[in-house]
Amino acid sequence: MLIPIIMAGGTGSRLWPLSRELYPKQFLKVVGDESMLQQTFARLQGLDHQPPLLICNEEHRFIAAEQTRLGGFEHSGIILEPVGRNTAPAIALAALQAIEQVTDSEAEPILLVLAADHLIENQVAFQFSVNQALAYAEAGQLVTFGIVPTAAETGYGYIKRGLSQSDTAFKVDSFVEKPDLNTAQAYLDSGEYYWNSGMFMFKASQYIDELRSNNPAILAACEKAMSATQADLDFVRVDKEAFEACPSDSIDYAVMEPVCSADGSGNLVVVPMNAGWSDVGSWSALWDVSEKDCDNNAHKGDVIAVKSTNNYVYSENKLIATVGVDNLVIVETKDAILVADKSQVQNVKAIVQRLKDTDRSEYKIHREVYRPWGKYDSIDFGARDQVKRITVNPGQKLSIQKHFHRSEHWIVVAGTASVTNGDEVILVTEDQSTYIPLGTIHALENPGKIPLEMIEVQTGSYLGEDDIVRFEDRYGRI
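Using UniProt numbering, the final residue of the sequence shown is 478, and nothing's skipped along the way.
1. Which ranges does the beta strand (DSSP E) cover as unbroken runs of at least 3 residues, wholly within the region 335-416, from first to last along the chain?
2. With a floor of 3 residues, list each beta strand (DSSP E) that falls wholly inside the region 168-224, ordered by position along the chain.
3. Output yes or no for whether 7 Å exceeds the beta carbon distance between Gln132 and Thr183.
4. Is it the case that the Cβ atoms of Asp293 and Asn310 are separated by a distance below 7 Å?
5. Looking only at its chain, what residues have a beta carbon closer than 8 Å to the beta carbon of Arg470, apart from the 5 residues adjacent to it on each side?
6. Under 7 Å between the Cβ atoms of Asn421 and Ile436?
7. Compute the Euclidean distance between the alpha carbons of Ser129 and Tyr23, then round it to the nearest angstrom.
8. Any idea if Gln386 is buried or exposed, counting beta-carbon neighbours within 10 angstroms, 16 or more meaning buried?
9. In the DSSP assignment, find the unbroken beta strand (DSSP E) run with Glu66 in it and report its ends.
10. Starting from Val313, follow its DSSP beta bridges and name the residues at the other end.
11. What residues in its chain sit with their C-beta under 8 Å from that of Gln396, if we drop five residues either side in the sequence?
12. Kindly indicate which residue of Lys307, Tyr158, Gln26, Leu338 has the alpha-carbon position closest to the one of Pro179.
13. Taking 8 Å as the cut-off, does the region 7-25 touch the region 357-364 (at least 3 CB pairs, one atom from each stretch)?
14. May I ask you to report which of helix, strand or coil DSSP gives Asn57?
15. Report the three-state DSSP secondary structure of Met454 (helix, strand or coil).
16. Which residue from Val323, Ala275, Ile330 puts its Cα closest to that of Gly301?
17. So if DSSP puts Pro4 in a beta bridge, which residue, or which two residues, is it bridged to?
18. Note down, one range per segment and in chain order, each beta strand (DSSP E) of at least 3 residues found wholly within the region 129-160.
19. When the Cα atoms are used, what is the spatial distance from Glu244 to Lys203?
20. State the DSSP-derived secondary structure class of Val323, mapped to helix, strand or coil.
21. Is Pro52 buried or exposed, if buried means 16 or more other CB atoms sit within 10 Å of its CB?
22. Using only CA atoms, which one of Pro216, Asp239, Asn214 lies nearest to Met226?
23. Measuring straight from C-alpha to C-alpha, what distance separates residue 503 and Tyr475?
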């Protein structure tokens with residue numbers, strides 16, 4: 001019984017300003033019309049598998065759930081990590097949950113561990129490698145997928161293969177850290193090394209046993225966290241205190257490296273994969289995999305280029321015009337613009353760190369913020385006023401709430417709003433408005449069949465998002 005485990009964590013620093021801490025790259029449509037998370041679900045279609053388990057940060061839960069719903073994909077639960085503890089504990093949570101969910105004693109779950117922020121161009125080749133790995137996982141082996149390298153890449157870790165098991169699998173000799181260029185070229189020339197993809201397959205029970213042998217502290221913390229789970233809509237909430245006490249470690253260090261062996265006695269095999277894989281770990285990597293014009297430019301959005309070559313230009317809202325520039329990354333969002341030399345994009349993380357150090361919001365959120373009921377866009381912000389454009393999806397409702405420091409004016413520009421304003425419930429339609437006085441209990445709902453679009457004008461002494469008291473909320477945010 002194959003159960004895919006999709007890990008959708010991430011901090012959103014490497015593709016800033018498009019990705020943010022609260023909207024990392026797995027939720028972006030970087031290539032094509034689907035997000036990377038949706039593409040991860042889609043490439044499973046055609047495999048014989050159970051609905052995937054999804055693991056994500058608690059703060060990303062509504063984005064993950066909504067993108068899964070919009071893509072029409074089934075899942076068997078969304079496990080929420082209250083804090084990040086790297087991949088080994090995350091996979092342990094999924095393994096314990098998979099064992100708990102399988103009621104057939106003869107059907108032992110086999111986990112296919114995938115990252116939600118990888119690009120794979122060849123679905124057929126991906127599924128071929130997955131099917132080849134299945135026999136080894138069923139036999140009790142731990143399987144890692146090694147990407148057949150196409151260049152002397154210094155940004156990836158490597159796997160050195162050992163004794164041949166068949167035409168499609170080898171024992172793992174060792175894992176190797178990111179090399180310098182000369183070493184990477186030697187790896188490429190030898191034909192004995194693969195890029196470490198971070199994708200795995202194994203029995204859930206086998207992973208638990210290996211973790212018990214090599215990192216019992218991680219397993220103990222995860223078992224304690226899973227012993228007190230709470231169901232919340234499609235979400236599985238683990239015990240926060242127990243998981244916070246869990247050591248942080250990657251699956252490579254916690255499990256894979258201890259079980260590989262140069263003499264072939266280890267319990268780990270690598271299955272090569274040649275499927276057009278990329279972890280899209282930088283803007284230059286995204287340029288590599290993007291469609292380009294005759295001048296080697298990759299453009300997305302409203303872009304005009306004159307005598308410009310080898311650039312990646314992304315426009316979210318405005319026209320971007322380039323003249324006589326080469327090898328640049330230019331990215332425009334509603335609240336930030338990045339201009340970088342393509343050879344320096346690894347340093348984008350330094351910009352994100354500086355934003356954090358100076359307590360600026362741009363590292364964490366976009367101007368446009370997604371909520372379980374829809375989204376809002378902060379159009380304008382003053383010392384005592386703020387203007388937002390709010391979109392409420394059909395059938396959705398904001399929490400029943402009040403504010404201590406601000407009043408609100410609501411103007412409907414499309415659709416119909418059901419407004420609770422104190423003791424009164426009214427319908428507000430297009431070109432109509434209403435006023436919510438400071439301290440008044442209120443709520444907003446879209447009872448219609450089309451999105452509700454409205455302008456909200458806030459005025460008051462404090463306009464932060466934390467000035468809110470919720471009395472009732474269908475999304476569990478009280």
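Note that the Cβ used here is the ideal one computed from N, Cα and C, for glycine as well.
The short version:
1. 337-341, 368-371, 374-381, 385-392, 400-402, 406-414
2. 169-176, 193-203
3. In the sequence shown, residue 132 corresponds to position 132, counting from 1. In the sequence shown, residue 183 corresponds to position 183, counting from 1. If you check the CB distance, Gln132 and Thr183 do not come in under 7 Å.
4. Position 293 of the sequence shown holds residue 293. Position 310 of the sequence shown holds residue 310. For Asp293 and Asn310, no; Cβs fall outside 7 Å.
5. Position 470 of the sequence shown, counted from the start, is the residue given in the question as residue 470. These residues qualify, in order along the chain: Ser399, Ile400, Gln401, Arg477, Ile478.
6. By one-based count along the sequence shown, residue 421 stands at place 421. By one-based count along the sequence shown, residue 436 stands at place 436. A contact, by the Cβ cut-off of 7 Å.
7. For the purposes of this step, residue 129 is identified with residue 129 of the sequence shown, where counting begins at 1. For the purposes of this step, residue 23 is identified with residue 23 of the sequence shown, where counting begins at 1. One Cα belongs to Ser129, the other to Tyr23, and the distance between them is close to 31 Å.
8. Position 386 of the sequence shown, counted from the start, is the residue given in the question as residue 386. Residue burial annotation: Gln386 is buried, with at least 16 other C-beta atoms found within 10 angstroms of its C-beta.
9. Indexing the sequence shown from 1 puts residue 66 at position 66. Taken as a continuous stretch (DSSP letters only), Glu66 belongs to no beta strand (DSSP E), being part of the alpha helix (DSSP H) at 61-71.
10. Translated into positions along the sequence shown, residue 313 becomes position 313. In DSSP, Val313 forms a bridge with His299, Ile330.
11. Start at 1 with the first residue of the sequence shown, and residue 396 comes out as number 396. These residues qualify, in order along the chain: Pro372, Trp373, Gly374, Glu445, Asn446.
12. Within the sequence shown, residue 179 is the residue found at index 179, counting from 1. The residue with the shortest Cα to Cα distance from Pro179 is Tyr158.
13. yes
14. The sequence position of residue 57 within the sequence shown is 57, counting from 1. Three-state result, Asn57: strand.
15. Residue numbering aside, residue 454 sits at position 454 when the sequence shown is read from its first letter. Strand.
16. To locate residue 301, count along the sequence shown from 1; it is residue 301. Of Val323, Ala275, Ile330, the residue nearest in Cα terms is Ile330.
17. Locating residue 4 in the sequence shown gives position 4, where the first residue counts as 1. According to DSSP, which records beta bridges pairwise, Pro4 is partnered with Leu112.
18. DSSP runs (the beta strand (DSSP E)) wholly in the region 129-160: 142-147.
19. Counting from one through the sequence shown, the residue named residue 244 turns up at place 244. Counting from one through the sequence shown, the residue named residue 203 turns up at place 203. Roughly 26 Å separates the two Cα atoms.
20. The count along the sequence shown starts at 1 and reaches residue 323 at position 323. Strand, per DSSP.
21. Position 52 of the sequence shown, counting from 1, holds the residue named residue 52. In this structure Pro52 is buried. Its beta-carbon is surrounded by 16 or more other beta-carbon atoms within 10 angstroms.
22. Locating residue 226 in the sequence shown gives position 226, where the first residue counts as 1. The candidate whose alpha carbon is nearest that of Met226 is Asp239.
23. Outside the modelled stretch of the chain, which goes from 1 to 478, sits residue 503, for which no answer is possible.
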